[in-house]
Each structure stands twice: as structure tokens, then as C-alpha cells.
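**Q**
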Amino acid sequence: MNCAKCSGTLEPQRYGDDIVVHRCDHCAGLFVKPDMLEAMKQARLSEAVLDTGDPKVGKTLDRVGDIACPECGQCMVPTADERQTHIWFERCPNCEGIWLDAGEFTDLKFETLLDRVRILLKGPRPAATPRASAGEESQC
């Protein structure tokens with residue numbers, strides 16, 4: 001599979017007996033299915049083994065919108081995490097695959113006190129908003 005955000009190739013990565021994700025050999029973004037993501041959140045030290053990319057590169061690539069799902073080719077939808085609304089990832093409406101830029105899984109796994117305060121003060125952010133400007137068409 002090809003990376004959704006750069007020119008890299010997605011390589012399968014294993015953690016323990018049950019967790020398999022695809023990580024880009026260039027930007028270290030992760031492509032996961034929802035059940036794997038939940039297993040990753042529960043697995044001790046999974047972030048240290050699987051989310052090995054530079055979070056600065058991930059932040060830069062987070063601005064890349066209109067990406068196609070590496071698995072099925074459908075346009076992925078930008079989605080905010082329900083609990084940590086500062087974390088945005090892309091989700092495929094067809095196969096339910098999730099794209100996490102480098103560093104996003106580590107951030108997602110560890111909810112901080114600041115995250116909880118943000119929710120109390122600001123309330124939840126809408127689950128998805130288009131990144132393209134009004135009038136722009138999707139590129140994927």
C-alpha cells in the first residue's frame with residue numbers, strides 16, 4: 001500500500017500477537033482499523049514501538065487534506081477525537097480505516113488533565129469539518 005500523505009510505502013508492523021498496523025517507511029504515519037486502534041490504546045508501550053515518527057513531521061503533514069484511503073481509495077474524512085478534540089485524524093467512510101500522522105497515536109493514547117479541562121471549557125468540537133476553503137473541490 002502507498003502512504004496517504006507522502007511518497008512512502010506502508011509496511012506492516014506487529015506489536016505482540018494481536019496488533020498489526022501499517023506504518024509509512026518515510027513519514028511514519030499509521031494506517032489502522034478501529035479494532036486495532038483500541039487494542040493499541042490498551043497495549044503497554046505500544047506507542048513507543050508503533051508511533052516512531054517525528055511529531056513535528058506529523059504536524060506538518062496534518063495540514064495535508066483530501067487524502068485517499070490507502071486500502072480502498074475512497075476519500076477520507078477529517079475527524080476530531082471525541083475526547084481530545086485537538087487531535088484530528090482521517091477516517092475512511094467505506095472501510096473505516098484510520099490515518100494517524102506521526103505522533104498522533106501517542107497523543108491520542110494519553111489523555112491529559114489539560115484535555116479534560118479543554119472539554120469542560122470549550123465543549124466538544126464538531127466531529128468533522130472540511131479543510132478545504134469554501135468553493136474548493138476535493139482533490140482525492
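Under the numbering used here, the residue at position 57 of the sequence shown is numbered 57, and the numbers go up by one with no gaps. Quick reminder that beta carbons are idealized off the backbone N, C-alpha and C, glycines included.
Go ahead and pull the three-state DSSP assignment for Val57.
**A** Of the three classes helix, strand and coil, the one that applies to Val57 here is helix, per DSSP.
**Q** Based on the DSSP output, what are the partners of His22 in its beta bridges?
**A** According to DSSP, His22 bridges with Pro12, Phe31.
**Q** With distances taken between CB atoms, is the gap from Ala28 to Gly53 smaller than 8 Å?
**A** The answer is yes: Cβ separation under 8 Å.
**Q** With a threshold of 16 other CB atoms inside 10 Å of the CB of Ala4, please say whether the residue is buried or exposed.
**A** Result: buried.
**Q** Considering only DSSP beta bridges, list what Pro70 is partnered with.
**A** Answer is none; Pro70 lacks a bridge partner.
**Q** May I have the straight-line CA-CA distance separating Ser7 from Arg44, to the nearest angstrom?
**A** Approximately 31 Å, taken between the alpha carbons.
**Q** Based on DSSP bridge pairs, tell me the residues matched to Thr79.
**A** In the DSSP output, where bridge partners are listed per residue, Thr79 has Phe89.
**Q** Kindly indicate which residue of Leu50, His26, Cys75 has the alpha-carbon position closest to the one of Val32.
**A** For the residues Leu50, His26, Cys75, the minimum Cα distance to Val32 belongs to Leu50.
**Q** Since Leu100 is in the beta strand (DSSP E), which residue starts that stretch and which ends it?
**A** Taken as a continuous stretch (DSSP letters only), the beta strand (DSSP E) holding Leu100 covers 98–100.
**Q** How big is the Cα-Cα spacing for Gly73 and Glu111?
**A** Their backbone Cα atoms lie some 31 Å apart in a straight line.
**Q** If I measure Cβ to Cβ from Ala39 and keep anything under 7 Å in the same chain, skipping five residues before and after, which residues do I get?
**A** Within the same chain, Ala39 has close Cβ partners Asp18, Ile19.
**Q** Give me, in chain order, the residues of the same chain whose beta-carbon lies closer than 6 Å to that of Trp88; leave out the 5 immediate sequence neighbours on both sides.
**A** For Trp88, where only same-chain residues beyond five positions count, the Cβ hits under 6 Å are Pro78, Ala80.
**Q** Taking its Cβ as the centre, do 16 or more other Cβ atoms sit within 10 Å of Glu82, making it buried, or is it exposed?
**A** With fewer than 16 Cβ atoms within 10 Å of its Cβ, Glu82 is classed as exposed.
**Q** Return the CA-CA distance between Lys41 and Cys75, expressed in angstroms with no decimal places.
**A** One C-alpha to the other measures close to 26 Å.
**Q** I need the boundaries of the alpha helix (DSSP H) containing Thr106, first residue and last residue.
**A** Residues 104–109.
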